[in-house]
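Engineer:
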Amino acid sequence: MNIQCLGAAGTVTGSCYLLAVGEYRVLVDCGMFQGSGEMEERNREPFVFEPGEIDAVVLTHAHIDHSGLIPKLCRDGFRGRVICTHSTAELCSILLPDSGHIQEMEAERRSRKKKGTRVARHIRPLYTEEDGRRCLSRFFGIDYDEMHEIVPGVQVRLQDAGHVLGSAIIELWVEVEEGKTCKVVFSGDLGSRGQAIVKDPTWIAEADYVFIESTYGDRLHDHKIDRRQRLSSIVQRVQEEGGTIIVPSFAVGRTQEIIYELTELLAHGTIKPFPVFIDSPLAVEATRVFRNHEDVFDEESQVYIQRGTDPLAFPGLVFVETKEESQRLNMVTSGAMIISSSGMCEAGRIKHHLRHHIWRPKSHLVFVGYQAPGTLGRRIVDGARHVRIFGRDYKVAAHVHMIEGFSAHADRGGLLDWLGGFIQKPKKVIVVHGEPDVRKIFAQTIEEELGFETVIPERFDSIELLV
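Just so we're aligned: 406 in the working numbering is position 394 of the sequence shown, and the numbers increase by one with no gaps anywhere.
1) Please list the terminal residues of the continuous alpha helix (DSSP H) segment that includes Q318.
2) Looking only at its own chain, which residues have a Cβ that is under 6 Å from the Cβ of R451, when we skip the five neighbours before and after it?
3) Apart from the five residues just before and just after T25, which ones in its own chain have a Cβ nearer than 8 Å to its Cβ?
4) Check for me: the alpha helix (DSSP H) holding H376 runs from which residue to which?
5) Please say whether V250 and A298 have beta carbons closer to each other than 7 Å?
6) Would V38 pass as an interface residue toward chain B - the criterion being a Cβ-Cβ separation below 7 Å?
7) DSSP beta-bridge partners for P260?
8) Just reading off the alpha helix (DSSP H) that V296 is part of, what are its end residues?
9) Looking only at C-alpha atoms, which of R361, S261, H305 sits nearest to I114?
10) Report the three-state DSSP secondary structure of G153 (helix, strand or coil).
11) In its own chain, which residues sit with a C-beta less than 8 Å from the C-beta of A217, not counting the 5 before and 5 after it?
12) Roughly how many whole angstroms lie between the Cα atoms of H98 and R150?
13) Going by beta carbon distance, what residues of the same chain come within less than 6 Å of E476, once the five residues before and after it are set aside?
14) What residue range is occupied by the uninterrupted beta strand (DSSP E) comprising W371?
15) Quick check: V176 and A420, are their CB atoms within less than 7 Å of each other?
16) What does DSSP give as the partner residue(s) for M414 in the beta ladder?
17) Compare the C-alpha of F59 against each of A295, S474, I82, L184 and name the closest.
18) Report buried or exposed for G320, applying the criterion of at least 16 other Cβ atoms within 10 angstroms of its Cβ.
19) State buried or exposed for K195, treating a residue as buried only when at least 16 other CB atoms are found within 10 Å of its CB.
20) Can you tell me whether DSSP reads G347 as helix, strand or coil?
21) Determine the direct distance from the alpha carbon of Y139 to that of K84, and round the result to whole angstroms.
22) What residue range is occupied by the uninterrupted alpha helix (DSSP H) comprising F45?
23) Need the endpoints of the alpha helix (DSSP H) that E276 sits in, please.
24) Measure the alpha-carbon distance for E118 versus G112 and round it to whole angstroms.
25) Are the beta-carbon atoms of D67 and G92 separated by less than 7 Å?
26) What does DSSP give as the partner residues of C17 in its beta bridges?
27) For F223, count neighbouring Cβ atoms within 10 angstroms of its own Cβ and tell me buried if that reaches 16, exposed if not.
28) Might you give, ordered along the chain, the residues of its own chain that have their beta carbon closer than 6 Å to the beta carbon of V70, omitting 5 neighbours on each side?
29) Compute the beta-carbon to beta-carbon distance between P438 and F464, rounded to the nearest angstrom, for a pair I have assumed lies under 8 Å.
30) How far does the beta strand (DSSP E) with K437 in it extend, from its first residue to its last?
31) Can you find the residues in the same chain that come closer than 7 Å, C-beta to C-beta, to P293, ignoring five residues on each side of it along the sequence?
32) To the nearest angstrom, how far is the alpha carbon of F289 from that of A348?
33) Quick one: what does DSSP say W430 is sitting in, helix, strand or coil?
34) As a quick exercise: from R87, P63, T214, K363, pick the residue whose alpha carbon is nearest that of R146.
35) Return the first residue and the last residue of the beta strand (DSSP E) that R93 is part of.
36) Give the C-beta separation of I392 and I258 to the nearest angstrom, bearing in mind that I take them to be a contact with Cβ-Cβ under 8 Å.
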């Protein structure tokens, strides 16, 4: 019995783990690699297993770096179930077809670029929008805290990870031999305690092996109050001095959190009412999904709902759906906020807004999430003086802000607190889902502060599970 790390081992993206138990094969996540062109080429590599031999997939949450290769998996022969929470299944119903559409557009763009060269050829998309739709019939939603047998001898239970709507910590019980069971826990992406809308991560008491994410395992985030103050100070400055705020934001989770924070600031009179545009069709759809699952919102959000108030709406908030409406935002040069995706500025409408605002000294670019190496967002955050957008160089004259307190990933303290909740000492803690240096630092911190033995696997490494 072993688990092979096929992604998010040495990287933050591409989450995928293969559990082999006797004749059965189960995947935990099947995510897309994101970042540099070289990193994204990994998505085109053939699977190292036969998709038709995979019995089930257990999915931690809907984000593309965890779910994005499921359409490819199904197209290539997977016929099992994708087990996840109901919210995750519904979010994937909008995210995966959209991802397929992006793949088609990217393939078309690359084909046009090759046209007229000696190596001209048609580039096939990684998968299509239809592939993204077709795979949805494989999804099987279950409730939190519900035991479910995925294959004979393997039981699963999902607990709230507090990362994004529907995100889950995975508890797996594997029957090794009669009377002997090995318990494996995958943290998934763990959220920060006190994060808006979603509940705090669930404490887990015991496990033999724990796979823990480490995205921010080397740092501490701004306090919730600090992040709100930083956001309000930027808004107040723009309201006094003019200019426009551009927020590159993930369509699922982060956008809804920013809406909630603005609702709070307006409710307390900290900022004056002003126009806020959500310019992302995906974020518009995702917000509708959030409203369908208010039963899993945290206590703070429930207070709004019980008062008959929508925590994801306020006067001045406009959801932009059509391309024409989006183009009209190019005329906005002062006194507004535009929240758009993608969060790392690699695709989507955000690139058009950057093109119109990055060179303006009065504009403010506010980053509220992780920026992978090799992405346009990372280059801007790292202080690039000039960046290339749609084939043209632009001077970065806008003010650049990074508010890490909005991260949906727990920081070092949050990760250690969660690990410290284990009453029974795990045999091993496997540190994944982090950049190389961060994983080393975090693994050392775990050993020094908690006394747990750690493993830092590389891609394709296998972890033997012993009872």
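Glycine residues also receive a C-beta, built at the ideal position from the N, C-alpha and C atoms.
Structural biologist: In short, the structure shows the following:
1) As a working note, residue 318 is residue 306 in the sequence shown. Per DSSP, Q318 belongs to the alpha helix (DSSP H) from 311–318.
2) The residue labelled residue 451 in the question sits at position 439 within the sequence shown. Around R451: S226, V443, I468.
3) Within the sequence shown, the letter at position 13 stands for residue 25. Excluding positions up to five away in sequence, the list reads G19, G43, M44, F45, Q46, G47, M51, D77, A384.
4) Taking the first residue of the sequence shown as 1, we reach residue 376 at position 364. Not the alpha helix (DSSP H): H376 falls in the beta strand (DSSP E), residues 376–379.
5) Taking the sequence shown and counting its residues from 1, the one referred to as residue 298 is at position 286. Taking the sequence shown and counting its residues from 1, the one referred to as residue 250 is at position 238. It is not a contact, given that the beta carbons lie outside the stated cut-off.
6) The chain inventory of the structure shown lacks chain B, comprising one protein chain alone.
7) Locating residue 260 in the sequence shown gives position 248, where the first residue counts as 1. Looking at the DSSP assignment, P260 forms a beta bridge with S352.
8) The residue given as residue 296 occupies position 284 in the sequence shown. Segment 293–304, the alpha helix (DSSP H) holding V296.
9) The count along the sequence shown starts at 1 and reaches residue 114 at position 102. Closest by alpha carbon: R361.
10) By 1-based counting over the sequence shown, the position of residue 153 is 141. Three-state result, G153: strand.
11) To locate residue 217, count along the sequence shown from 1; it is residue 205. Here the set comprises G433, F434, I435, Q436.
12) Reading the sequence shown from its first residue, position 86 is the one you call residue 98. Reading the sequence shown from its first residue, position 138 is the one you call residue 150. Between H98 and R150, the C-alpha separation is close to 13 Å.
13) For the purposes of this step, residue 476 is taken as the residue at position 464 of the sequence shown. Excluding positions up to five away in sequence, the list reads N14.
14) As a working mapping, residue 371 is identified with position 359 in the sequence shown. It is not in any beta strand (DSSP E) - W371 carries neither H nor E in the DSSP assignment.
15) For the purposes of this step, residue 176 is taken as the residue at position 164 of the sequence shown. For the purposes of this step, residue 420 is taken as the residue at position 408 of the sequence shown. Yes, these two residues count as a Cβ contact at 7 Å.
16) On the sequence shown, residue 414 is found 402 positions in, with the first residue counted as 1. Partner(s): F379.
17) On the sequence shown, position 47 is the one that residue 59 refers to. Of the listed residues, the one whose Cα sits closest to F59 is I82.
18) Residue mapping note: residue 320 aligns to position 308 of the sequence shown, counting from 1. Exposed is the call here.
19) As a first step, residue 195 must be located in the sequence shown, where it is residue number 183. Answer is buried; the Cβ neighbour count reaches 16.
20) Position 335 of the sequence shown holds residue 347. Coil at G347, not helix or strand.
21) Residue 84 sits at position 72 when you count from the first residue of the sequence shown. Residue 139 sits at position 127 when you count from the first residue of the sequence shown. If I take the Cα positions, the gap works out to 6 Å.
22) Sequence index remark: in the sequence shown, residue 45 carries index 33 (1-based). F45 -> no alpha helix (DSSP H), and no H or E assigned at all.
23) As a working note, residue 276 is residue 264 in the sequence shown. Its alpha helix (DSSP H) spans residues 266–279.
24) Position 106 of the sequence shown, counted from the start, is the residue given in the question as residue 118. Position 100 of the sequence shown, counted from the start, is the residue given in the question as residue 112. Computed Cα separation, rounded: 10 Å.
25) As a first step, residue 67 must be located in the sequence shown, where it is residue number 55. As a first step, residue 92 must be located in the sequence shown, where it is residue number 80. Yes.
26) Here residue 17 refers to the residue found at position 5 of the sequence shown. DSSP output for C17 lists Y29 as bridge partner(s).
27) Along the sequence shown, one-based indexing puts residue 223 at 211. It counts as buried.
28) For the purposes of this step, residue 70 is taken as residue 58 along the sequence shown, with counting starting at 1. Excluding residues within five positions, the ones whose Cβ falls inside 6 Å are V40, I95, V168, I182.
29) By 1-based counting over the sequence shown, the position of residue 438 is 426. By 1-based counting over the sequence shown, the position of residue 464 is 452. Their Cβ separation, rounded to whole angstroms, is 6 Å, which keeps P438 and F464 in contact under 8 Å.
30) To locate residue 437, count along the sequence shown from 1; it is residue 425. Looking at the DSSP string, K437 is not in any beta strand (DSSP E), and its letter there is neither H nor E.
31) Translated into the one-based positions of the sequence shown, residue 293 becomes position 281. Excluding sequence neighbours, P293 sits near E333.
32) Numbered from its first residue, the sequence shown carries residue 289 at position 277. Numbered from its first residue, the sequence shown carries residue 348 at position 336. Straight-line Cα distance between these residues: approximately 8 Å.
33) Numbered from 1 along the sequence shown, position 418 holds the residue referred to as residue 430. W430: helix per DSSP, three-state reduction.
34) Looking up residue 146 in the sequence shown gives position 134. Here the closest residue by C-alpha is R87.
35) Against the sequence shown, residue 93 aligns to sequence position 81. Counting along the chain, the beta strand (DSSP E) containing R93 begins and ends at 93–97.
36) By 1-based counting over the sequence shown, the position of residue 392 is 380. By 1-based counting over the sequence shown, the position of residue 258 is 246. The Cβ separation is near 11 Å, so there is no contact.
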